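Residue numbers for the sequence shown follow UniProt numbering, beginning at 1 and rising by one.
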Amino acid sequence: MFRYLARRHDRKHILRSLQRQKRIDHTSIGFGYDTSLAFAVNETEDRYASDGDLAFTNIADGELFFSPILPPEPLSEDKNSVTFQSDITTSDEKNNTFKCVVTDSGSKDHAIIVFHHWYARNRYPTFSKFFAARGITVIEATLPYHFDRGSDDYSEEQFFNANLGRTVRSMRQAVLDGRKIVRWLHRQGYNKISVVGMCLGGTVAGLIAAHEEKVDKAVLMVSPMNPADLVWTAETMKSLRGRIEPVMSLEDLRTAWGLINLEMHTWGLTRRRLDMMFVLGKDDTIARPEAAERVIELLRKCGRSPEVLRLNCGHSSVGIFPYNIIAARKVLRFLKETPTLAELWDIRGFRYDFSGV
1 MFRYLARRHD RKHILRSLQR QKRIDHTSIG FGYDTSLAFA VNETEDRYAS DGDLAFTNIA
61 DGELFFSPIL PPEPLSEDKN SVTFQSDITT SDEKNNTFKC VVTDSGSKDH AIIVFHHWYA
121 RNRYPTFSKF FAARGITVIE ATLPYHFDRG SDDYSEEQFF NANLGRTVRS MRQAVLDGRK
181 IVRWLHRQGY NKISVVGMCL GGTVAGLIAA HEEKVDKAVL MVSPMNPADL VWTAETMKSL
241 RGRIEPVMSL EDLRTAWGLI NLEMHTWGLT RRRLDMMFVL GKDDTIARPE AAERVIELLR
301 KCGRSPEVLR LNCGHSSVGI FPYNIIAARK VLRFLKETPT LAELWDIRGF RYDFSGV
């Protein structure tokens, strides 16, 4: 019965996503290489610099591409939020700073940074309060062009689209923003720092974990390992695929987006002192679990066995009963390692809204 309800829930959100895409089709970004934009630190000044090669050829390329540029100094901070200058300067001024919502646990033992899904309309307040009440401070990051980083209702299209260089640039910006939060938390004296991401936010979290040695644990929930495969196989990506496929094949797109493909960064995910957890939906028709299974198998072959939770649900339905409770219980065990019986019992009231694209 629960699996049937999960499928109905997923179908409703898939149809809603397809309807939204139809409404905003006139604003969609057409295909373009625009590779120089991927490497531009300042879009206005560097836009016409010589093109770089988007193909990911060696480990040093990835390390250099995702290396921090600015120090982790906040522009402002208070009890409930902290705001930073992004390392990447885009033509959209609102996107050049990012605000993080802070739910303080009162303890410096552990902090987690949460990366929301693409097209998120709401943050995860229930998620944050739940973990903060159990001694883990939660920092909710803001992906590029989302929430107050967007200039209009269609800004999120700038984050992931048919322009190859623009998408790589946006993902790079998200990773550099995340690394800045990690380094700031480290300066604040937190003993452990973890990253948690949903859908494309999980891809960002995985890239951060692969490159930032101050990250202790990473939880990737229904997250695409390979954005190119996401475009080609996700039910909600048919329109985007239609703008890319006439120009290039899936293999070409995999090569062009190698820098943001987690399967190309497994070397970083095998580093010592990094623990990984994957939450998969067996019926996920958006972030299909096959790619995650490949990464999991590679990690195991390298002697780094991640924790894996496979749920009998789809993509959005990971956020509804009973799958949200199962996931919360497993994630709490993974993050805290030894949660109390009272903490596990309290999960029965856990709820959060996750309707990722």
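C-beta: ideal position from N, C-alpha, C; glycine also. Bear in mind the structure is a predicted one, so any value in this text is a computation, not a measurement.
Is there contact here, the segment 77 to 85 with the segment 93 to 104, by at least three beta-carbon pairs under 8 angstroms? yes
Quick one: Cα of Arg288 to Cα of Glu73, how far? 38 angstroms
So, does the segment 298 to 310 touch the segment 233 to 248, judging by three or more C-beta pairs under 8 angstroms? no
Candidates Ile260, Lys214, Ile296 and Ala291: which alpha carbon is nearest Leu274's? Lys214
As an exercise, report each continuous alpha helix (DSSP H) stretch of at least 4 residues that is fully enclosed by the segment 283 to 318, in chain order. 289 to 301
Burial state of Asn324, where buried means 16 or more other Cβ atoms lie within 10 Å: buried
Under the DSSP definition of a beta bridge, which residues are partnered with Asp275? Lys217
Sequence-distant residues of the same chain with beta carbon closer than 6 angstroms to Arg3, five excluded per side: Asn312
So, helix, strand or coil for Met198, using DSSP? strand
Please report whether the beta-carbon of Gln188 lies at a distance below 9 angstroms from any beta-carbon of chain C. No chain C appears in the structure shown, which is made up of a single protein chain.
Out of curiosity, what's the CA-to-CA distance linking Ala212 and Arg179? Going by the sequence as given, residue 212 is Glu instead of Ala. Each residue's alpha carbon lies about 7 angstroms from the other.
State yes or no: is the C-beta of Thr266 within less than 9 angstroms of the C-beta of Cys302? yes
Validate contact between the segment 219 to 235 and the segment 194 to 208 using beta carbons, cut 8 angstroms, 3 pairs: yes
Okay, do the segment 163 to 173 and the segment 106 to 120 touch, 3+ Cβ pairs below 8 angstroms being the bar? no
What number of angstroms, rounded off, separates the C-alpha of Ala132 from the C-alpha of Thr103? 6 angstroms
Give me the Cα-Cα distance between Leu230 and Met237, rounded to the nearest whole angstrom. 7 angstroms
Residues sharing a beta bridge with Leu230, DSSP: Answer is none; Leu230 lacks a bridge partner.
On the CB-based measure, 16 or more other CB atoms within 10 Å of its CB, does Ile69 come out buried or exposed? exposed
Is it buried or exposed, residue 367, if we count other Cβ atoms within 10 angstroms and call 16 or more buried? It is not possible to answer for residue 367, since the shown part of the chain is limited to 1 through 357.
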